[in-house]
Every structure is written in structure tokens, then in C-alpha cells.
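If you want the numbering used here, it's the 1-based position in the sequence shown plus 14. Where is the CB? At the ideal position from N, CA and C, for every residue including glycine. Remember, predicted model here, so these are calculated numbers, not experimental data.
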Amino acid sequence: MELKPHEKTLELLQLQVLDSRISSNHTMKEGVQTDLKVKLAEVKGEEALKYPLGFLEEGKYFILHNLRIPDNNGYFQIDTLVLSERYLLILEAKNWYGTLLFNRNGQVTRIDDDAKEEGFQNPIVQAKMQRYRLQRWLNNKGLAIYRLNILLSLVSPLQ
């Protein structure tokens with residue numbers, strides 16, 4: 015059961031409006047379109063999880079999307095959190111394509127069809143940090159969770 019469904023983030027809405035209003039010859043147009051493309055890919059990756067999550071038994075699992083939780087270091091964001099009686103599961107969705115190289119230094123390199131390389135933070139490291147911060151946040155609220163798992167979902171835009 016979805017307790018908090020997917021919603022467009024304020025950042026995505028702002029980028030969409032800015033892209034529609036900024037002239038095509040403006041110096042920032044390309045950057046806005048790049049940022050918008052990245053945000054739309056993130057949304058697509060998160061929405062791709064909707065189908066498999068639909069198989070979870072109604073009433074036994076509760077799903078929260080796009081969480082932004084305050085803590086001592088600011089805020090942390092969780093794409094999808096699945097709650098059950100036995101555990102909590104953090105799902106981190108990435109909508110990446112091409113060849114992915116996971117380096118030991120915490121970096122991921124994506125090589126696209128044109129052999130262009132792009133570096134990203136390792137999503138496993140990111141998910142582990144989210145788990146740590148959520149565990150700490152729950153402990154501060156007096157909630158002891160004995161199982162807090164993470165799962166990384168790599169979604170291809172070609173699916």
C-alpha cells in the first residue's frame with residue numbers, strides 16, 4: 015500500500031517552468047535542459063519500481079516515496095522506503111544506461127554509446143549513508159529498528 019505516492023518534486027517543476035520560459039538563445043538554456051533531463055531520468059527510474067512493488071501483499075507492506083528527512087546535518091533524501099513488520103527497506107533507483115564501471119574509490123563511471131565518460135558517486139555508498147542517517151534519525155525518535163536493509167535498482171531507460 016502506497017502511503018506516500020510519487021509526486022513531482024519542486025525542483026522538477028521549477029526546471030520545467032524555467033525551460034519553457036527561457037529563450038532558446040539564452041546562455042543558460044543548455045544547462046537548464048541538462049538539469050531537466052537528469053531530473054526526468056531520476057523520476058523515470060523511481061517510477062520503474064512501481065510495477066514490481068505492486069506485487070507486495072496489500073496491508074503487509076507500506077511504501078513511501080521521495081522522503082526528505084531533516085537531521086543534524088541538514089536533510090537526507092530517500093527515493094523509496096518500504097515498511098514491514100520485520101524490516102525497513104531503502105530502495106535507491108538509478109536510471110542509467112551504457113557501460114557502468116564501479117571503481118574501488120567510490121566512483122562510478124558510465125560510458126555511453128558515443129564512448130563519452132561521465133562520473134557519478136557510487137550509489138551503494140550513497141545508500142549506506144542513507145541507512146546510517148535513517149537509523150540515527152529513528153534512534154533519536156526512540157524507535158529501534160533491528161533490520162534496515164538497502165537495495166539498489168539500476169533501471170535502463172530502454173526498458
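{"Asked": "Counted within 10 angstroms of its Cβ, other Cβ atoms place Asn154 as buried (16 or more) or exposed", "Found": "exposed"}
{"Asked": "Where the alpha helix (DSSP H) through Tyr65 begins and ends", "Found": "Lys64 to Leu67"}
{"Asked": "Limits of the unbroken beta strand (DSSP E) element including Arg82", "Found": "Phe76 to Asp85"}
{"Asked": "Beta-carbon gap between Ile159 and Gln149 smaller than 8 Å", "Found": "yes"}
{"Asked": "Contact under 8 Å by Cβ, Asn109 with Val122", "Found": "no"}
{"Asked": "Contacting residues, own chain, Cβ-Cβ under 7 Å from Ser98 (five flanking each side not counted)", "Found": "Lys74 and Tyr75"}
{"Asked": "Cα-Cα separation between Gln173 and Asp93, rounded to whole angstroms", "Found": "With a pLDDT of 47 at Gln173, under the threshold of 50, the modelled position of that residue is not reliable, and the figure given next carries that caveat. Answer to the nearest angstrom: the Cα atoms are 19 Å apart."}
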